[in-house]
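Enquirer:
Protein chains: 4
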Amino acid sequence: MSIWGIVPAAGMGSRIQPLAFSKELLPVGSRLDGETERPKAVSEYLVERMILAGASRICMAISPGKWDIIAYYGGSVGPASICYVVQPEPRGLCDALFRAVPLIAPGDQVLIGLPDTVWFPEDGLSRLGEGALSFLLFPVQRPELFDAVVTGDDGRVLEIQVKRPGAASVWVWGAFRMPGRVFHDLHRLWRERQERDTYVGTLVNSWLARGGEAWGVRAGESYVDVGTLHGYREAIQLLERRPSEAPVSFAR
Amino acid sequence: MSIWGIVPAAGMGSRIQPLAFSKELLPVGSRLDGETERPKAVSEYLVERMILAGASRICMAISPGKWDIIAYYGGSVGPASICYVVQPEPRGLCDALFRAVPLIAPGDQVLIGLPDTVWFPEDGLSRLGEGALSFLLFPVQRPELFDAVVTGDDGRVLEIQVKRPGAASVWVWGAFRMPGRVFHDLHRLWRERQERDTYVGTLVNSWLARGGEAWGVRAGESYVDVGTLHGYREAIQLLERRPSEAPVSFAR
Amino acid sequence: MSIWGIVPAAGMGSRIQPLAFSKELLPVGSRLDGETERPKAVSEYLVERMILAGASRICMAISPGKWDIIAYYGGSVGPASICYVVQPEPRGLCDALFRAVPLIAPGDQVLIGLPDTVWFPEDGLSRLGEGALSFLLFPVQRPELFDAVVTGDDGRVLEIQVKRPGAASVWVWGAFRMPGRVFHDLHRLWRERQERDTYVGTLVNSWLARGGEAWGVRAGESYVDVGTLHGYREAIQLLERRPSEAPVSFAR
Amino acid sequence: MSIWGIVPAAGMGSRIQPLAFSKELLPVGSRLDGETERPKAVSEYLVERMILAGASRICMAISPGKWDIIAYYGGSVGPASICYVVQPEPRGLCDALFRAVPLIAPGDQVLIGLPDTVWFPEDGLSRLGEGALSFLLFPVQRPELFDAVVTGDDGRVLEIQVKRPGAASVWVWGAFRMPGRVFHDLHRLWRERQERDTYVGTLVNSWLARGGEAWGVRAGESYVDVGTLHGYREAIQLLERRPSEAPVSFAR
C-alpha cells in the first residue's frame, strides 16, 4: 500500500496573468534552508501537507509547456518521489486528476489538493478517514466562488454546490482523500458520463446519486486561493499571522 | 498486472553532439500518418516494440532540460499511457532505470530497452520469458563496444562482459524483460552495493554471483546504436533495407 | 557600414511535422570539427553562406517557443555576432523580416535567405550587386511551388509570380540582398499597404509598380527546400553529390 | 540617432534561489491593465524608466536557458522594440553589456540599468547629461555593498569604490547613460585590458586614469536591490509607500 498525492497543475492561471512562470510556482512566504531564508513556491504548501499525511509518492499532472514545474521539483521532495503525467488539452480538473489512474493500485490511498492554495491546519489531510471518499472542509466568506459541501449531521455529504450563488453551506472542500479503489470507481463513472464533468463537484453528486458515499470533515481553519492577486496578498498576510507551528521543510 | 516499458532517456548524447535537441528525438526513417509520410523519432522504434509486446504503461526517465521529450510524447502513445520521472544528476543507466521503482508492483512485467537504438525483429520483446530476468540478444561485429552476454548451452547467462576488448561472445543485449519482483530485487542489490553500478552488466554479474538467474535469448537479428553519426547512417540504411514487416504506427 | 544577415526562423514547419524541435535545426549532412564529424543543422548552410559573403551580424527572427534556436546558436557563429528578435504572431515572412528594421542603418548591407534551404554555389550571395535590391535565382523543376522571378534581358526584374501554376520562368529566388536604405523603403511600403503582404513577391511587385528597381542574378545552380520529408532526402543526396568545394565551418 | 536601453539579464540570481524562473521576472507590485490589476515583473520598472527617458530600442543580454525572459517580453514593450543577445558564459556584467556593441551606432544614446532593482524618481534617466558618461546616484545606508561613486564639487567622478568597506561616499550608481561613441571607447578599453573587468567600477576607474570623463548626478531618491529576499520585501514596502506619481504602463 502506498499513499499517493495527486497534484493537478495543468491549469492556465488566467486569473493571475501575466506571470512569467507557472502559477503553481509563485513565491509566497519563505522557508529556512539551514540559516538561509529561501523563497517558497505556493505549491510547496500542498506538497508538504501531503507528505505530512504520509504520502511517499507524488504525481503531478501538468500541461505542455509547464516544464518549469518539473525543473523546480525534479525527482523527489524530501522522502517522496515524484512522477509527472501530461494533460494534452485543457479539459478540466477531472481529466487532469484521472491522468494518474494508471499509477494507482486499488489498495493505495489517494490524497488530492489544489497547488495554488494555502491552508491550515497543516495536518488537515491526516484528519480524513481512509476507508471512503472524504473531504477536508474550510469555512469561507464567499462559498459561491467554490464547491460548497452540504453535509448531514453525521458528516455524510448530501450535495456539492458548484459555484452556486446563495450556497447552502459556508464549508467548501480544500482537499480530499480516498482509497485507490474509489478513485478507480470515480474514473469509471466519469468515463460512463462521457468525460463530461470538468469539476469534481458534479461528478461527486452523480456518484452520490448512484449510492456512493462521501464524508465531509470540518477540520479546516483557514483557506486562501492564491489564483488571483487578491488571494496572493491574503496568503502573504495569512502566513505572517500564522507561521507554521510544526515547520515542515523538505530539501529538494 | 500491468506491463510497463521503462525508457531511460536521461543521457547527454555526447557522442553525437551538437544536436539542438535530445538525442532520443533524432528523426530516423518515417511513418505513415494516413497518406502523409511523417518523420519518426529514433525512440519511437523502442516505444512501438514495447507496445507490440503488450506494454500499456511507459515510464520515461529524463534528465533536467530534456523537456522536448515530454513535449513530443505528451500523455500517451497509442494505447499506452506515459509518465515521466527525473534523474537529477547524471549517475548512469542503473540510477535512471531505478527512478521507476516507486511505480512498479511486484506482479507487473517490466520491459527495458535503449531509446537510441533500432533493432529487428520488431516482436523481439515477446520472445522473452516472463518469469525471470531475460535478455534479448543480438549478434554484432564489435561486441567490445557493448555488453556482451555469455550464456551456457541452455541459454542461462553466465556472465556479462562490459565493454571488454576480446569479448567472449558476439551476442550483446539490446533489451530485457523481468517481473516487477525481480526489478525490486535488483534495486535492493544496487542499493546494497552503494549504488556503485552505473552499467546494467556489472549489477547483473553481482546478481548472478548471489544465485540470481538470468536468461539470454538469441532472437535478435539486427541492432544499430544511433548514438553516433556513424550509427545514424547505418540505421537509415537498415530501415531502407528492412521496412517494418508488420508496420506498427501509433497516433500520438 | 555593417553587413547584416537576416534569418527568418519564425515559421511553424507544418509541412514536416511532427519534429521534436524547430525545423531550422534538422540535422542535414555534417561538418568536421577537428577530426570529429558532427551533425549540422540545416540553417547552418544559410548562416555560413551569409558569413562567406561578409556578414558580421546575424539577426534571427524567431517565434515564441523556438528557444532551441537560441540555445543552438548562442552569441555568435565564427566571426559573426548574433541577435534575436521575436515575431509574436504568425503573420508571415514580411512581418518576420521587418522585425529587424530597428537594427539596420541606411548604409548597411542586408542579406536575406531561408533557413530551411540548402543551395549552391556557396558564394552565391557575393554575386549580387550591392547598390540595389538583387535576387539570387535558381533554376527549379517546379517553379509553381516558389516565387518565380521574371526578368528582362538585362536582368531587371519585371514581375515575381508567387506560387503561380504555369509560371513564366523556371528561375526562383533563393536569397536576396539590398542596401539598408532599400530595406527601410520596402518596410515603409509594407506599412502603407496595411502590412497586407505576407510573401515577399507581392510586396516587390508593388514596389516595382511604384518605380522601384530590382535585379535577378542567375548564378544559382542547385536549390533544395528542406521543409518537407521529400526535400530533406533530396538535400542529403545533394550534399553527398556536392560536398562543399570550399568548406566553411565556423566554431560555435 | 536612437536611444537604446541595455538590460543585462544574464546573472544567475544565486542570492535569491531557488526561484522557478529568472530573477528578473519576480513579481513585485502590480500595474493596472484597464480595470484589472496585474502582477508586474521587477524588470518592468527598469524598462519603463528607460522608455520614459526616450528609449525606442531595448537590448536584453540573457544567458542560455533564461528563455522565460524572452517569452515574457516578446517583440516589444509599448513603443520600444526589443532584441536579445546571449552571453554564453557567466563572465560578469561588463561582458554582458558589451554583447550589445554590434547594435549601437556612435551617434546613438545608451541607457543602462539593473533589471533587479526598483528606484525613484521614475524620470531619473532623463536627468543625466547626453554628451558624456553620466551616472544616476542614489543615497544608500550600506554603500559598501555597491559601487560607491566619489565626485568632486562640480559632479565630476573622481573614483568608483567597488564594494569597499568604509566607502567614502554614500552615493552609489543605480543607472547610467552615455553616447554610443563612449560605449565603444569603453569596450575598446575593456578589450585592451584583456576583458579582465567584470564590474563596471574598475573599468571606469581605468577610463578616468586615461583621461576619460564621467559625471555623477545626485538625483536619485530611493533605491532597492531586489536580488535578495530582504530586498524583495523592501521593494514591496517602497512601492506601497510610493506608488508611481506618473504611472507609466505599457501594453505588452
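Protein chains in written order, with the working numbering: chain V, -9 to 242; chain U, -9 to 242; chain E, -9 to 242; chain W, -9 to 242.
Positions of the beta carbon are idealized from the N, C-alpha and C atoms, including for glycine.
Could you check the C-alpha separation between Ala(-1)(W) and Gly64(V) for me, to the nearest Å?
Expert: Stepping through the fourth sequence from its first residue, residue -1(W) is reached at position 9. Stepping through the first sequence from its first residue, residue 64(V) is reached at position 74. Answer to the nearest angstrom: the Cα atoms are 25 Å apart.
Enquirer: Which residues in chain U have a C-beta closer than 8 Å to the C-beta of Leu127(V)? List them in chain order.
Expert: Here residue 127(V) refers to the residue found at position 137 of the first sequence. Those within 8 Å of Leu127(V) in chain U number zero; the least Cβ separation is about 31 Å.
Enquirer: In chain order, what residues of the same chain have a beta carbon less than 8 Å from the beta carbon of Leu15(U), not counting five sequence neighbours either side?
Expert: What you label residue 15(U) is simply residue 25 of the second sequence in a count that begins at 1. Closer than 8 Å at Cβ, skipping near neighbours: Ala31, Val32, Ser33, Asp58, Ile59 and Tyr62.
Enquirer: Any chance the segment 172 to 180 of chain E sits against the segment 135 to 149 of chain E, with 3 or more Cβ pairs inside 8 Å?
Expert: Touching, no.
Enquirer: At the level of alpha carbons, what is the spacing between Gly197(W) and Ala45(E)?
Expert: For the purposes of this step, residue 197(W) is taken as the residue at position 207 of the fourth sequence. For the purposes of this step, residue 45(E) is taken as the residue at position 55 of the third sequence. For clarity, residue 197(W) is Trp in the given sequence; the question names Gly instead. Going from the Cα of Trp197(W) to the Cα of Ala45(E) covers about 31 Å.
Enquirer: Between which two residues does the beta strand (DSSP E) containing Glu27(W) stretch?
Expert: Taking the fourth sequence and counting its residues from 1, one reaches residue 27(W) at position 37. Run containing Glu27(W): Thr26 to Ala31, per the beta strand (DSSP E) assignment.
Enquirer: State the Cα-Cα distance for the pair Gly319(W) and Gly55(E), rounded to the nearest angstrom.
Expert: In this structure chain W extends from -9 to 242, so residue 319(W) is not present and cannot be described.
Enquirer: Taking only the alpha-carbon atoms, compute the straight-line gap between Val(-3)(V) and Ser4(V) and give it to the nearest angstrom.
Expert: Numbered from its first residue, the first sequence carries residue -3(V) at position 7. Numbered from its first residue, the first sequence carries residue 4(V) at position 14. The alpha-carbon atoms of Val(-3)(V) and Ser4(V) are separated by roughly 18 Å.
Enquirer: Residues in its own chain within less than 8 Å of Ser20(W) by CB, not counting five upstream and five downstream?
Expert: As a position in the fourth sequence, residue 20(W) is number 30, starting the count at 1. Only Glu27, Arg28, Pro29 and Lys30 meet the Cβ criterion.
Enquirer: From Lys153(E) to Leu127(E), what distance separates their C-alpha atoms?
Expert: Position 163 of the third sequence, counting from 1, holds the residue named residue 153(E). Position 137 of the third sequence, counting from 1, holds the residue named residue 127(E). Cα to Cα, Lys153(E) sits roughly 15 Å from Leu127(E).
Enquirer: Output the distance between the C-alpha atoms of Trp(-6)(W) and Tyr35(E), rounded to the nearest integer angstrom.
Expert: Position 4 of the fourth sequence holds residue -6(W). Position 45 of the third sequence holds residue 35(E). C-alpha separation (whole angstroms): 32 Å.
Enquirer: Any Cβ of chain W within less than 9 Å of the Cβ of Glu27(V)?
Expert: Here residue 27(V) is taken as the residue at index 37 of the first sequence, counted from 1. Yes, its Cβ sits closer than 9 Å to a Cβ of chain W.
Enquirer: Just to confirm the assignment, what range does the alpha helix (DSSP H) spanning Leu196(E) have?
Expert: Numbered from 1 along the third sequence, position 206 holds the residue referred to as residue 196(E). The sequence given here places Ser at residue 196(E); Leu does not occur at that position. Segment Val190 to Ala199, the alpha helix (DSSP H) holding Ser196(E).
Enquirer: What distance in whole Å lies between the Cβ atoms of Val75(E) and Ala95(E), which are believed to be in contact at a cut-off of 8 Å?
Expert: Counting from one through the third sequence, the residue named residue 95(E) turns up at place 105. Counting from one through the third sequence, the residue named residue 75(E) turns up at place 85. Not quite, the Cβ-Cβ distance comes to about 16 Å (not below 8 Å), so this is no contact.
Enquirer: Excluding the 5 residues preceding and the 5 following Gly217(W) in the sequence, name in chain order all residues of the same chain whose CB lies nearer than 7 Å to its CB.
Expert: Start at 1 with the first residue of the fourth sequence, and residue 217(W) comes out as number 227. Excluding sequence neighbours, Gly217(W) sits near Gly3, Arg5, Ile6, Lys13 and Asp106.
Enquirer: Compare the C-beta of Asp58(U) with all C-beta atoms of chain E and state if any pair is closer than 9 Å.
Expert: For this step, residue 58(U) is matched to residue 68 along the second sequence. Yes, Asp58(U) lies at the interface with chain E (some Cβ there is under 9 Å from its Cβ).
Enquirer: Touching or not, the segment 80 to 88 of chain V and the segment 180 to 197 of chain V, by the rule of three or more beta carbon pairs under 8 Å?
Expert: Yes, they touch.
Enquirer: Taking Cβ-Cβ distances shorter than 8 Å, what residues in chain U pair up with Arg89(V)?
Expert: By 1-based counting over the first sequence, the position of residue 89(V) is 99. By Cβ distance, chain U contributes Gly65 and Ser71.
Enquirer: Looking only at its own chain, which residues have a Cβ that is under 6 Å from the Cβ of Val140(E), when we skip the five neighbours before and after it?
Expert: As a working mapping, residue 140(E) is identified with position 150 in the third sequence. Hits under 6 Å: Leu148, Glu149, Ala158 and Ser159.
Enquirer: On a CA-only basis, which of Leu93(V), Val207(V), Ala70(V) and Ala138(V) is nearest Val37(V)? Give me that one, please.
Expert: By one-based count along the first sequence, residue 37(V) stands at place 47. The shortest C-alpha separation from Val37(V) is found at Ala70(V).
Enquirer: Helix, strand or coil for Phe88(U) per DSSP?
Expert: Here residue 88(U) refers to the residue found at position 98 when the second sequence is read from its first residue. Phe88(U): helix per DSSP, three-state reduction.
Enquirer: Mind listing which residues of the segment 5 to 34 of chain W have their C-beta closer than 8 Å to chain V's C-betas, in chain order?
Expert: So the list reads Ile6, Gln7, Pro8, Leu9, Ala10, Phe11, Ser12, Leu15, Leu16, Pro17, Ser20, Glu27, Arg28, Pro29 and Ala31, given in the order they occur along the chain.
Enquirer: Which first and last residues belong to the alpha helix (DSSP H) in which Asp58(V) is found?
Expert: Indexing the first sequence from 1 puts residue 58(V) at position 68. From DSSP, the alpha helix (DSSP H) with Asp58(V) extends over Trp57 to Tyr63.
Enquirer: Cα separation between Gln227(E) and Pro111(E)?
Expert: Here residue 227(E) refers to the residue found at position 237 of the third sequence. Here residue 111(E) refers to the residue found at position 121 of the third sequence. One C-alpha to the other measures close to 16 Å.
Enquirer: Hey, Arg167(E) and Leu229(E) are a contact pair by Cβ (cut 8 Å); roughly how many whole angstroms apart?
Expert: If you number the third sequence from 1, residue 167(E) lands on position 177. If you number the third sequence from 1, residue 229(E) lands on position 239. Arg167(E) to Leu229(E), Cβ: 24 Å. No contact.
Enquirer: Can you name the residues that DSSP bridges to Leu127(U)?
Expert: Residue numbering aside, residue 127(U) sits at position 137 when the second sequence is read from its first letter. DSSP lists Trp163(U) as partners of Leu127(U).
Enquirer: Chain U beta carbons: is any one of them nearer than 9 Å to that of Ala43(V)?
Expert: Here residue 43(V) refers to the residue found at position 53 of the first sequence. No, Ala43(V) does not count as interfacial toward chain U.
Enquirer: For the alpha helix (DSSP H) containing Val172(W), name the first residue and the last one.
Expert: As a working note, residue 172(W) is residue 182 in the fourth sequence. Taken as a continuous stretch (DSSP letters only), the alpha helix (DSSP H) holding Val172(W) covers Gly170 to Glu182.
Enquirer: State yes or no: is the beta carbon of Cys84(U) nearer than 9 Å to at least one beta carbon in chain V?
Expert: In the second sequence, residue 84(U) corresponds to position 94, counting from 1. Output row for Cys84(U): interface = no.
Enquirer: How would you write the range of the beta strand (DSSP E) that Gly(-5)(W) sits in, first residue to last?
Expert: Mapped onto the fourth sequence, residue -5(W) falls at position 5. Where Gly(-5)(W) is concerned, the enclosing beta strand (DSSP E) stretches over Ile(-7) to Ala(-1).
Enquirer: In whole angstroms, what separates the C-alpha of Pro237(W) from that of Asp23(W)?
Expert: Counted from its first residue, the fourth sequence places residue 237(W) at position 247. Counted from its first residue, the fourth sequence places residue 23(W) at position 33. Note that Pro237(W) scores a pLDDT of 49, beneath 50, so its modelled location is shaky; the value from the coordinates is reported in the next line. Straight-line Cα distance between these residues: approximately 12 Å.
Enquirer: Expressed to the nearest angstrom, what Euclidean distance is found between the alpha-carbon atoms of Ile72(U) and Met50(U)?
Expert: Stepping through the second sequence from its first residue, residue 72(U) is reached at position 82. Stepping through the second sequence from its first residue, residue 50(U) is reached at position 60. Between Ile72(U) and Met50(U), the C-alpha separation is close to 7 Å.
Enquirer: Would you call the CB atoms of Ala165(V) and Leu104(V) closer than 9 Å?
Expert: Translated into the one-based positions of the first sequence, residue 165(V) becomes position 175. Translated into the one-based positions of the first sequence, residue 104(V) becomes position 114. Yes, Cβ-Cβ distance for Ala165(V) and Leu104(V) is below 9 Å.
Enquirer: What whole-angstrom Cβ distance do Ala209(W) and Arg117(W) have, given they're in contact under 8 Å?
Expert: Indexing the fourth sequence from 1 puts residue 209(W) at position 219. Indexing the fourth sequence from 1 puts residue 117(W) at position 127. Indeed, because the Cβ distance is near 4 Å, the residues count as touching under 8 Å.
Enquirer: At a CB distance below 9 Å, what residues from the segment 94 to 106 of chain E approach chain U? Give them in sequence order.
Expert: Result list empty, no residue passes.
Enquirer: If you follow the beta strand (DSSP E) that Leu148(W) is part of, which residue opens it and which one closes it?
Expert: Your numbering for residue 148(W) matches position 158 in the fourth sequence. Val147 to Val152 is the span of the beta strand (DSSP E), which, as asked, contains Leu148(W).
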